[in-house]
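First comes the structure, then the notes that go with it.
Residue numbers (mature numbering (1 follows the signal peptide of the UniProt record, and there is no 0)): -19 to -1, 1 to 308.
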């Protein structure tokens, strides 16, 4: 083969290779082959957005307490004999000086002294009245009509309503926030809120759980409540102050609740993850200590759970200012 013919064939092969297109390398993607699915387009999360708002916030200490009647009066038999009817019932209101139990001595029952009225010398009928020392509520009835009782035996127990309160156990690490005379709020299980104050402190601590016991007294009207009712007591740890807050649902955290972040809208369709430092946490809102967000920053209020950093989103509603319920 001559040299010119060899060079001609080499040039022709090079031009043929340059003219062919690789579907994988070309700018236009080749259509999928039969049986293959087209690549799925990742959907955008539907979110609502709002802004950080400034509000008055108070650091609150929340602790559990139980209702109690610390002062109880035991009604005891003053002689040996039999309890006469009628028998009182648990929950019955009693007044100071009111007869609660009546006892007939065994001698009176044997000799029927209560029926001998003709002889004026028989001034003793053998009927003994057991009276309440103060106003209260009958807590227990230990003896019924017809029961035989010994001298000094307990017949029943009354609560002193004037001493009604709540027993509060304060961890020793929080003692600096609780003081005698401090105002507080008592939240009942049905949502009602009573005003109260810290009345007394006991001089001993529970060695096993390291708590100090206080007595909380209601300062306003109190409904009829049973003993051992579990309630929540709120005490203000700091004075009211201005703080930046977000609805609780806008702040995300890890499983250990050591890291917190929010999703911030970067543009119309992208949200980025922004780590935050939180402060006081209320029931419906959380204080944001850092970073300091601008009033123009848009924070995801809902639809933010499970989103990765730089997530594609679609805004369905924009809230002018973040509210505790995110509306």
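We treat Cβ as the ideally placed atom computed from N, Cα and C, and that holds for glycine.
Please read these numbers as outputs of a predicted model, since none were measured by experiment.
Tell me the rounded alpha-carbon separation between residue i and residue j.
i           : j           : result
residue 74  : residue 111 : 15 angstroms
residue 262 : residue 299 : 24 angstroms
residue 56  : residue 80  : 10 angstroms
residue 234 : residue 149 : 31 angstroms
residue 6   : residue 25  : Summary for residue 6: the model assigns pLDDT 43, below 50, so the residue's position carries little reliability, and this model does not support an answer.
residue 271 : residue 207 : 46 angstroms
residue 29  : residue 224 : 23 angstroms
residue 145 : residue 64  : 30 angstroms
residue 89  : residue 124 : 19 angstroms
residue 188 : residue 167 : 26 angstroms
residue 120 : residue 114 : 14 angstroms
residue 240 : residue 256 : 8 angstroms
residue 78  : residue 221 : 49 angstroms
residue 199 : residue 175 : 7 angstroms
residue 283 : residue 236 : 19 angstroms
residue 84  : residue 109 : 5 angstroms
residue 246 : residue 230 : 16 angstroms
residue 139 : residue 76  : 10 angstroms
residue 276 : residue 117 : 58 angstroms
residue 293 : residue 286 : 13 angstroms
Under three-state DSSP, which class holds residue i?
i           : result
residue 215 : strand
residue 88  : helix
residue 135 : strand
residue 117 : strand
residue 286 : coil
residue 230 : helix
residue 169 : coil
residue 296 : strand
residue 142 : helix
residue 159 : coil
residue 80  : strand
residue 151 : strand
residue 304 : Unreliable placement is indicated for residue 304, whose pLDDT of 42 sits below 50; the coordinate value is still reported in the next sentence. Looking at residue 304 - three-state DSSP - the assignment turns out to be coil, as it is neither helix nor strand.
residue 225 : strand
residue 74  : strand
residue 122 : strand
residue 164 : strand
residue 130 : strand
Residue range of the beta strand (DSSP E) that residue i falls in?
i           : result
residue 34  : 34 to 38
residue 208 : Where residue 208 is concerned, there is no enclosing beta strand (DSSP E), given that its DSSP letter is neither H nor E.
residue 62  : 62 to 65
residue 53  : 53 to 57
residue 243 : 241 to 248
residue 187 : 174 to 187
residue 43  : 41 to 49
residue 268 : 266 to 271
residue 198 : 192 to 199
residue 276 : Unbroken run through residue 276: none, as it is neither H nor E.
residue 261 : 251 to 262
residue 26  : 26 to 31
residue 112 : 108 to 112
Please work out which residues of its chain come closer than 8 angstroms, Cβ to Cβ, to residue i, disregarding the five sequence neighbours upstream and downstream, and give them in chain order.
i           : result
residue 8   : Unreliable placement is indicated for residue 8, whose pLDDT of 43 sits below 50; no coordinate value is reported for it.
residue 41  : 215, 216, 217, 218, 261 and 263
residue 344 : Given a span of -19 to 308 for the chain in the structure shown, any question on residue 344 remains unanswerable.
residue 281 : 28, 29, 30, 231, 243, 244, 245, 246, 252, 288 and 294
Going by Cα to Cα distance, which pick from the options is closest to residue i?
i           : options               : result
residue 259 : 249, 209, 274 and 253 : 274
residue 290 : 263, 250, 267 and 254 : 254
residue 295 : 279, 249 and 203      : 249
residue 52  : 86, 129, 25 and 147   : 147
residue 62  : 39, 77, 86 and 76     : 86
residue 130 : 225, 60 and 245       : 60
residue 151 : 184, 270, 70 and 176  : 184
residue 50  : 125, 91 and 209       : 209
residue 33  : 284, 278 and 39       : 278
residue 43  : 71, 205 and 213       : 213
residue 197 : 161, 267, 236 and 169 : 161
residue 92  : 203, 107 and 191      : 107
residue 153 : 191, 66, 76 and 205   : 191
residue 204 : 169, 230 and 182      : 169
residue 38  : 286, 267 and 280      : 267
residue 309 : 127, 143, 133 and 265 : This structure does not reach residue 309, given that the chain is present from -19 up to 308, and the question cannot be answered.
In chain order, what residues of the same chain have a beta carbon less than 6 angstroms from the beta carbon of residue i, not counting five sequence neighbours either side?
i           : result
residue 2   : Note that residue 2 has pLDDT 46, beneath the 50 cutoff, so the model's placement of it is unreliable and the number below is only indicative. Correct list: empty, nothing qualifies.
residue 36  : 226
residue 47  : 148, 209 and 211
residue 135 : 55, 57 and 123
residue 181 : 196
Beta-carbon within less than 7 angstroms of residue i's beta-carbon, same chain only, minus the 5 sequence neighbours each way: which residues are those?
i           : result
residue 288 : 26, 244 and 252
residue 122 : 68, 69, 70, 71 and 137
residue 163 : 178, 179 and 216
residue 45  : 211 and 213
residue 158 : 42, 216 and 218
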